[in-house]
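> Here it is, the structure in full.
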Amino acid sequence: MKYSKLFSKTLRQPPKEAETINHKLLTQAGFVDQLMAGVYSYLPLGLRVLNKIEQIVREEMDAVEGQEVLMPILHPKSIWETTGGWGKIDVLFKINSRTEKEYALGQSEEEVVTPLVMSRVNTYKDLPLSVYQIHWKFRDELRAKSGILRGREFYMKDMYSFHETQEDFLKYYETVKKSYLKIYEKLGLTAKVTEASGGSFSEKISYEFMVLTDAGEDDILYCSDCDFCVNVEIAKMKVGDPCPRCGGKLDQAKASEVGNVFDLGQKYGKDFNLSFLDREGKKSFPIMGCYGLGISRVMGVIVEKFNDEKGIIWPESVAPFKIHLIGLDQSEENIKSEAEKVYKQLQTEGIEVLFDDRVDVSAGEKFATADLVGIPYRIVISKKTEGKLEVKKRNEKTTEFMSLEDLLKLLAKS
RNA sequence: CGGGGUGUAGUUCAUCGGUAGAACGCUGCGUUUGGGACGCAGAUGUAGCAGGUUCAAUUCCUGUCACCCCGACCA
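Counting the first sequence from 1 gives a position; my numbering is that position plus 64.
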């Protein structure tokens, strides 16, 4: 993509209302645009990042045999009445039609997925199975905040599993837990697994995946020596206490919840009276699990974790482009055509490249733009580079001159 | 929803009872080109909205809306 054609260019300053890092940088760098509190448009650069995260999550969900579907956001009132959510869940957005029918906007999809799946499951032979989607969720939060970390509308992967027994569910939970940790690792994040309360709808314990960041809204106690971690909401210990698992010392920190898993038990099968025949030929309700992962929130958390005073520093796995190609001295025909040539060659090699081809823009401004946008590799072509490419990584200070061939080799390694 | 803050040009802000200004951005021309260049010329506003006070309101008062922050909330 040519930067000169990009309609969402960087801003000189972040908007004054932005205070959190992700809000400031994502807006200033042209990744998102705020429509209202907690609701954002994802612009070309931002959508590319969102898609990258989504694809990493999709591959892992497919790997644990999740079957991807796309379910409706607009829900009839009746399914929410069936489960008791209509009157109890205050974050449920409710809307009226012009014929005065009432609807809800999906804040979670158990009410849709349970009848969808169970109407097709007859016997234990059809279980276990797991269904997921990646879609928008709506929650009527009293206060949206922190940029894209807490929106009223957000992009989320939600998976639901159906099991014959609690044992089978627990086994699958462990599988998904490992899968989640793999996802966060691929995203460049270190997630801690906490025990937390399951909220009013589940009496069972749920597990939350937490990434330490001051922009987060959860307080967690964690052990620096082992992977013990607990949400202070349910913690029976405090900072400085010995870790119940290894005896180490507990620290407290702010964290953002980037995923969770719930043991739903048999609630939804029972609510909808949807059962299957078990091994003894008796009617049985499925044990269900629910696995959420906030894609848009993860994008915000990544920005909170990876930035410096100049801008964002995207991990390579989610960066909108691999290379930020800067053409300097573009008023000189030979330099310009050389940069164009390299741009085309990189594209031919299948490498995602953002080409800053602007002519009447100073070198300083182009460098500042590149630092703000945060693409991993910056390549400069100018009259000083004399046929070579000047390569600099966003998170390093040093530059290196190399041929296109060597650059391709370098990229192949990373 | 309670508390606090902010609404003026595209953006960041100034002006503060007498009819609106800077910087950046934008347009044109020229000079520039290795860290957000320079010169000249130009365009851009119902001062969030609605009332009220006043000879006169962007400015004071009331209400309202929006955004940000703290809290509550976040199956």
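Ideal Cβ positions, reconstructed from N, Cα and C, are used throughout, including at glycine.
1) Applying the criterion that 16 or more other CB atoms from any shown protein chain within 10 Å of the CB defines a buried residue, is residue 272 buried or exposed?
2) Which of the three DSSP states is assigned to residue 392 in this structure?
3) Only counting the same chain, and skipping five residues up and downstream in sequence, which positions put a Cβ closer than 6 Å to that of residue 378?
4) Run through DSSP, which three-state label would residue 247 get?
5) Could you tell me if residue 159 is buried or exposed, where buried requires 16 or more neighbouring beta carbons within 10 angstroms of its beta carbon?
6) Do residue 233 and residue 351 have their C-beta atoms within less than 7 Å of each other?
7) Along the chain, where does the beta strand (DSSP E) containing residue 98 start, and where does it finish?
8) Would you call the CB atoms of residue 354 and residue 326 closer than 7 Å?
9) Name the two residues that bound the continuous beta strand (DSSP E) containing residue 107.
10) Would residue 263 be called buried (16 or more neighbouring beta carbons within 10 Å of its own) or exposed?
11) Taking buried to mean at least 16 other C-beta atoms within 10 Å of its own C-beta, is residue 208 buried or exposed?
12) Does DSSP put residue 289 in a helix, in a strand, or in coil?
13) Locate the beta strand (DSSP E) running through residue 299, then write down its first and last residues.
14) Output the boundary residues of the alpha helix (DSSP H) element that contains residue 182.
15) Count Cβ pairs between the region 309 to 316 and the region 125 to 144 that sit closer than 8 Å; are there 3 or more?
16) How many whole angstroms separate the CB atoms of residue 108 and residue 75, which I take to be in contact at a CB cut-off of 8 Å?
17) Classify residue 99 as buried or exposed, calling it buried when 16 or more other Cβ atoms lie within 10 Å of its own Cβ.
18) Provide the residue span of the beta strand (DSSP E) that contains residue 323, from first to last.
19) So who's on the other strand from residue 214, going by DSSP bridges?
20) Given a cut-off of 7 Å on the beta-carbon distance, is the pair residue 388 and residue 341 in contact?
21) Go ahead and pull the three-state DSSP assignment for residue 282.
22) Put residue 372 into one of helix, strand or coil per three-state DSSP.
23) Please state if the CB of residue 322 and the CB of residue 275 are separated by a distance shorter than 7 Å.
24) If you reduce the DSSP assignment to three classes, tell me which class residue 264 lands in.
25) Are the beta-carbon atoms belonging to residue 222 and residue 157 less than 7 Å from one another?
26) Quick check on residue 378: does DSSP put it in helix, strand or coil?
27) I need the boundaries of the alpha helix (DSSP H) containing residue 92, first residue and last residue.
28) Considering only C-alpha positions, which residue in the set 413, 391, 395 is nearest to residue 404?
29) Buried or exposed for residue 184, going by 16 or more other Cβ atoms inside 10 Å?
30) Would the region 81 to 93 and the region 357 to 377 be scored as touching if the rule is three or more Cβ pairs under 8 Å?
31) If you draw a straight line from the alpha carbon of residue 214 to that of residue 244, how long is it in whole angstroms?
32) Around the C-beta of residue 301, are 16 or more other C-beta atoms found within 10 angstroms, so that it is buried, or is it exposed?
33) Nearest by alpha-carbon distance to residue 284: which of 249, 320, 306 is it?
34) Report all residues from its chain with a CB closer than 6 Å to the CB of residue 442; omit the five preceding and five following residues, and keep chain order.
35) Return the residue from the list 309, 165, 459 that minimises the CA-CA distance to residue 140.
36) Which residue spans inside the region 117 to 191 form an unbroken alpha helix (DSSP H) run of at least 4?
Let's see:
1) buried
2) Here residue 392 sits in coil by DSSP.
3) 438
4) Three-state result, residue 247: helix.
5) exposed
6) yes
7) 96 to 100
8) yes
9) Per DSSP, residue 107 belongs to no beta strand (DSSP E) and is neither H nor E.
10) Confidence at residue 263 is low in this model, with a pLDDT of 48, below 50, so the placement of that residue should be treated as unreliable; the coordinate-derived value is given next. Counting Cβ neighbours within 10 Å, residue 263 comes out exposed, since fewer than 16 surround it.
11) buried
12) coil
13) Residue 299 -> no beta strand (DSSP E), and no H or E assigned at all.
14) 174 to 182
15) no
16) Not confirmed; about 15 Å, so no contact.
17) exposed
18) 314 to 329
19) 209
20) no
21) strand
22) If DSSP states are grouped into helix, strand and coil, residue 372 belongs with the strands.
23) yes
24) With a pLDDT of 45 at residue 264, under the threshold of 50, the modelled position of this residue cannot be trusted; read the value that follows with caution. Three-state result, residue 264: coil.
25) no
26) coil
27) 85 to 92
28) 391
29) Its Cβ having fewer than 16 others within 10 Å, residue 184 is exposed.
30) yes
31) 21 Å
32) Label assigned to residue 301: exposed.
33) Of 249, 320, 306, the residue nearest in Cα terms is 320.
34) Leaving aside the five residues that flank residue 442 on each side, the residues in its chain whose CB is nearer than 6 Å to its CB run, in chain order, 388, 434, 456.
35) That would be 165, whose Cα lies nearest to the Cα of residue 140.
36) 141 to 146, 149 to 152, 174 to 182
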